[in-house]
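With my numbering, you'll find the sequence shown wraps up at 1008, consecutive numbering, no jumps.
Glycine included, every Cβ here is placed at the ideal spot set by N, Cα and C.
As structure tokens, the structure follows; a few thoughts come after it.
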Amino acid sequence: MKKYSLIKKSLFTSEAASYSKWDVILTALVFIIAATAVCYAQKLTLMYTVTVVLTAVILVPFIVQAYFKFKHEKTKYEEYCLYFESVKMYFKVYKKLITALQETYKLFDSESHMAACIKQAIAEIEATGDYATALSYIDKDYHNTYLERLHNLLITGEKQGGDSVYYNLDQINYQDWKNDISMYQKKKKTYRYLLYLMSALSLGISLYSVVIYSDDTLAKAITGNAQYQLYTFVELEIMLLMFIYIYITLTNKPWIRSDE
């Protein structure tokens, strides 16, 4: 006899998050219920209602993808900040790049992407002593101008030493960049909440109107009109697509840009 496990198995996974088949089903159900409620409130026929619901279900993978992109970028940014601050601090303490990398490595989950990059960099230094190649393993996936300057100073400090290197490490305008990223993400979070609020208000108004005019003969005549059905259907499709587009735009952007 076949047994079924109730434990959620991951359907989509990344280093930052996982999405089980039940999560996908739940997300689809939320979209189906919301789309059906709106269609009911607008008195759409069964054909138009089914079409709107199918559109909502088709868009679920895009929502999941945007969710994963957001989680990935957030984790990548957090790893970048922890690495940047830690390797600089440890290098100033120990005056040795490999020691700074080893101490920084201990701060990360061994399964994280940054840990793998640091481990590869340490192995390169131990094998060849090529610091530029070693740090390139980290730079290739987390590159921006601040990290590039940090790595250049670390290599200079390792090879030549000198107090000027440690002074210049503190002059990298990293903190302002970090604050700008944090403020920008807070604004985007506010915009997402506004999007949810406006969508909920639109749904609420639709549901309220159907209660108010449910017994109105004129209202029934209007909602039964073919033009009303078509125009309302097109409007709902556009609104649904716009909701998804705005949501993805607010979540599906890189936090670390190579040109910064």
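- Taking 7 Å as the cut-off, the Cβ atoms of A783 and A804 count as close.
- Non-local C-beta neighbours of G905 in its own chain, meaning closer than 6 Å and more than five positions away in sequence, comprise V913, ordered along the chain.
- Nearest C-alpha to Q850 among A869, T876, H861: A869.
- Judged by DSSP secondary structure, N900 falls within the alpha helix (DSSP H) whose first and last residues are 893–907.
- Fewer than three Cβ pairs drawn from the stretch 888–908 and the stretch 852–860 lie within less than 8 Å of each other, which leaves the two stretches out of contact.
- In the DSSP assignment, K844 falls outside any alpha helix (DSSP H) and carries neither an H nor an E.
- By the C-beta density criterion, L901 is buried, having at least 16 other C-beta atoms within 10 angstroms.
- Taking C-beta atoms as the reference points, A776 and I996 fail to come closer than 7 Å.
- For D857, there is no enclosing alpha helix (DSSP H), as DSSP marks it with neither H nor E.
- Counting the other CB atoms within 10 Å of its CB gives V801 a total of 16 or more, which places it among the buried residues.
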